[in-house]
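2 protein chains.
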Amino acid sequence: MTKRPRSTGRTTIADVAARAGVSAITVSRALRTPDRVQAATRARVEEAIRELDYLPDAAASTLASRNSNVVGVILPSVTNKVFLGTLRGIYDVAEEGGLQVQISNSRYSQDEEERLLRIFLSQRPAGLIVTGIDQSEATRKLLRSAPCPVVQITETGPDPLDMMVGFDHAAAGALAARHLAEQGYRRIGFLGARQDPRSVRRQSGFRDSLEQLGLFDPARVLFSPDQSSVGLGSRQLLDLLRVDPKADAVLCNNDDLALGALFACQRQGLDVPNRFGICGFNDVEFMAFTSPSLTSVRTPRRQIGIRAMRLIMARIDDPAAVFAPEHLAVELSQRRSTGRDEDATSTPG
Amino acid sequence: MTKRPRSTGRTTIADVAARAGVSAITVSRALRTPDRVQAATRARVEEAIRELDYLPDAAASTLASRNSNVVGVILPSVTNKVFLGTLRGIYDVAEEGGLQVQISNSRYSQDEEERLLRIFLSQRPAGLIVTGIDQSEATRKLLRSAPCPVVQITETGPDPLDMMVGFDHAAAGALAARHLAEQGYRRIGFLGARQDPRSVRRQSGFRDSLEQLGLFDPARVLFSPDQSSVGLGSRQLLDLLRVDPKADAVLCNNDDLALGALFACQRQGLDVPNRFGICGFNDVEFMAFTSPSLTSVRTPRRQIGIRAMRLIMARIDDPAAVFAPEHLAVELSQRRSTGRDEDATSTPG
DNA sequence: ATGAAAGCGCTAACAT
DNA sequence: ATGTTAGCGCTTTCAT
Chain L
1 MTKRPRSTGR TTIADVAARA GVSAITVSRA LRTPDRVQAA TRARVEEAIR
51 ELDYLPDAAA STLASRNSNV VGVILPSVTN KVFLGTLRGI YDVAEEGGLQ
101 VQISNSRYSQ DEEERLLRIF LSQRPAGLIV TGIDQSEATR KLLRSAPCPV
151 VQITETGPDP LDMMVGFDHA AAGALAARHL AEQGYRRIGF LGARQDPRSV
201 RRQSGFRDSL EQLGLFDPAR VLFSPDQSSV GLGSRQLLDL LRVDPKADAV
251 LCNNDDLALG ALFACQRQGL DVPNRFGICG FNDVEFMAFT SPSLTSVRTP
301 RRQIGIRAMR LIMARIDDPA AVFAPEHLAV ELSQRRSTGR DEDATSTPG
Chain R
1 MTKRPRSTGR TTIADVAARA GVSAITVSRA LRTPDRVQAA TRARVEEAIR
51 ELDYLPDAAA STLASRNSNV VGVILPSVTN KVFLGTLRGI YDVAEEGGLQ
101 VQISNSRYSQ DEEERLLRIF LSQRPAGLIV TGIDQSEATR KLLRSAPCPV
151 VQITETGPDP LDMMVGFDHA AAGALAARHL AEQGYRRIGF LGARQDPRSV
201 RRQSGFRDSL EQLGLFDPAR VLFSPDQSSV GLGSRQLLDL LRVDPKADAV
251 LCNNDDLALG ALFACQRQGL DVPNRFGICG FNDVEFMAFT SPSLTSVRTP
301 RRQIGIRAMR LIMARIDDPA AVFAPEHLAV ELSQRRSTGR DEDATSTPG
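Just so you know, the protein sequences line up as chains L and R, in that order.
Each residue of the first sequence is one higher than the one before, counting from 1 in UniProt numbering.
Each residue of the second sequence is one higher than the one before, counting from 1 in UniProt numbering.
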């Protein structure tokens, strides 16, 4: 005795209403604001929904309410493992809040970022998350007048478009550089893959810090146009030794490079940490388990995702709320790969 | 005063039409099927769009056309690096086709998968991609009657819901097991993290294969409830040696475990490959660069994503088209970690 | 607590 | 090649 579907074949709120003996708007309310509908009415509506296997139409809802539940995220790369932790944070919080996440991929291009942003804006997003602080002027303008909360993530800086969660990449680079110097390394190199603005700022923190100590040599800074990988780290380590056979340590711009550097040292028979120190960046899980374990700069990737989504939800709840940029802390996970003497304690986890 | 309708302030297609001196439908056509509009008219429309800074409303378009451009993807985990390659393939093709990708995360739960599917269906997706073949009956029913193309990925099997792209996990497990046996290993273990249906089938291929050779011992099969990680691989290797101190090789259910196992061997002073052989699964990039390099089963992760999206696009173009399940090939990347004598050639890549 | 009417902004279907 | 009409399915506004 089921009701005959309508022209599109889709069961609508009107079908449910008829079945439950109420009006359409009551069904709508039972779905969105259940406490404004009497329990008995609500029960009948819910039963009708189940019987008819009703699925709401998100497009109709968005159109009528001028509001979707989609949060758009623009990342420079979807392949990059670095963003995995942040994505996890984003998804975890999004689920709590009943929000849908849509990721897109700007491939490190400002023009592509603007194009993607326009696509997102056409969906009346509930919120937008963009990576970094280097948007084009057109993009900045669109974001400033976006009809939804906007968060810039990963990096903090001046002139926030709206909200901001990240850390200071130059300071993080400096932290690692100072650590290597303190451990007694004197000919310290820098390995980086395809540059993005964050890499550049990390390197400049590294440079400034070593310059102050009189230890900086630009010849020991290697950037590759290739994508980051373990293989690249191995190759770059050999390159570094070619440039400066006496190089005695390296800051790797991410952990894959550090792992590659470690393997290259093993193959070359270079003792890590005594002959050669290695420090990575991000502190992904494996760094604690290599042999020897690898020092790295721990970055709050998951926290960035969590905080960004929480800011969006807070702003949805209270559109007038103002939130200051959040500068998250970065610290060093000191391990054996930079501990020339005894030292080096760090709990795996 | 008559009832004042809602004001949105949003620039609409009608505004553009007025500005360009045409009707709304002409603007719509200029946007979607430009070749059905005269060049001069089109030019005026485009100018009006620019002048007014018009952005289409995706919800209105979806509602009117009964069709979004969103492809929904349900993965068991968004954190798992294994899916990164597949995601890359999906995004690469989606961009070509002007489709938006929406990922969600079933956390290996069938109920959650069904819930997510309902959310996707409420968006009138252009296509759906689900992982594996172990959907609940309710989910299968929803997918069978979904008004869009559906692809099951990662694994092939009987009873496809619609289209299918993957490989045979049992055969892949068997391939690795035979390889280890052929290399002369005799007490071969298996390490796996939190089980999913694919892990189980890989293990059963491994088991069947070794049973035929009289080499299987269930005591050497270790599954952990924990998530896969390098640290887990290290711990499990030690566990295996505790269970069977004479164990001489291990098939790791993924490459992180294999890397962890390698580090544990290094720490234990076990010679790899002569005292102990290690084979991983997936063949991620770093496997070719460890020291010694690690043998692994190469799986076509990126291809799976590419083919899945291409199938969706092909079906959108021709809704009547029928596509048989695609069984992709899996092969062994043989490297030093399983080459007891000389042997072992494999070019890094 | 519930309902009626009026759109939200766009496109399908049918004109011309 | 372009326009007219009539919704798509829902939620807002205003009323009871």
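Glycine residues also receive a C-beta, built at the ideal position from the N, C-alpha and C atoms.
Closest residue to residue i among the options (Cα-Cα distance)
i                      : options                      : result
L/V221                 : L/L232, L/I188, L/G233       : L/I188
L/R178                 : L/A18, L/C148, L/A58, L/F216 : L/F216
residue 356 of chain R : L/V101, L/G280, L/S106       : The structure shown has nothing for residue 356 of chain R, since chain R only spans 1 to 349.
L/L63                  : R/Q123, R/V45, R/L116        : R/Q123
L/F323                 : L/G305, L/D134, L/V165       : L/V165
residue 358 of chain L : L/A20, L/A171, L/D283, L/P56 : Any answer about residue 358 of chain L is impossible in this case: the structure gives chain L only from 1 up to 349.
L/P56                  : L/T156, L/T299, L/D35, L/A17 : L/A17
R/P147                 : R/F263, R/R118, R/T11, R/P34 : R/R118
Backbone secondary structure at residue i - three-state DSSP
i      : result
R/T86  : helix
R/A219 : helix
L/A249 : strand
R/L270 : coil
R/Q183 : coil
L/R298 : strand
R/F263 : helix
L/T12  : coil
R/T41  : helix
R/V27  : helix
L/Q236 : helix
R/L128 : strand
L/Q110 : helix
L/G173 : helix
R/T338 : helix
L/I133 : coil
R/L161 : coil
Contact under 8 Å by Cβ, residue i with residue j
i                      : j      : result
residue 352 of chain L : L/A308 : Here chain L has residues from 1 to 349 only, and residue 352 of chain L is not among them.
L/L251                 : L/L180 : yes
R/R194                 : R/S229 : no
residue 350 of chain L : L/R301 : Given that chain L is displayed from residue 1 to residue 349, the structure contains no residue 350 of chain L and the question cannot be resolved.
R/T154                 : R/G132 : yes
L/V330                 : L/T299 : yes
R/Q236                 : R/L294 : no
R/S296                 : R/A261 : no
L/S291                 : R/Q334 : no
L/E112                 : L/T139 : no
R/H169                 : R/R198 : yes
Chain R contact for residue i (CB, 8 Å cutoff)
i      : result
L/D57  : yes
L/D201 : Just to set this straight, residue 201 of chain L is Arg in the shown sequence, not Asp. No, no contact with chain R.
L/L259 : yes
L/N105 : yes
L/F223 : no
L/A119 : For the record, residue 119 of chain L in the displayed sequence is Ile; it is not Ala. True, the Cβ-Cβ gap to chain R drops below 8 Å.
L/A288 : yes
L/F276 : no
L/K81  : yes
L/M1   : With a pLDDT of 29 at L/M1, under the threshold of 50, the modelled position of that residue is not reliable, and the figure given next carries that caveat. No, because no Cβ of chain R sits closer than 8 Å to the Cβ of L/M1.
L/Q100 : yes
is_contact[residue i, chain L] using C-beta, thresh 8 Å
i      : result
R/Y91  : yes
R/R32  : no
R/G231 : yes
R/E285 : yes
R/A60  : yes
R/S122 : yes
R/Q334 : no
Environment of residue i [buried if 16+ CB atoms lie within 10 Å]
i      : result
L/E137 : exposed
R/V93  : buried
R/P348 : Its pLDDT being 37, under 50, R/P348 is placed unreliably by the model, and the measurement read from it follows with that caveat. Result: exposed.
R/Q182 : The sequence shown places Glu at residue 182 of chain R, rather than the Gln named in the question. The residue in question, R/E182, is exposed, as its Cβ has fewer than 16 Cβ neighbours within 10 Å.
L/D53  : exposed
L/S209 : buried
L/L314 : What sits at residue 314 of chain L in the sequence shown is Ala, not Leu. Looking at its Cβ environment, which holds fewer than 16 other Cβ atoms inside 10 Å, L/A314 is exposed.
L/R336 : buried
L/A20  : buried
L/I25  : exposed
L/T161 : According to the sequence as given, residue 161 of chain L is Leu; it is not Thr. That one is buried.
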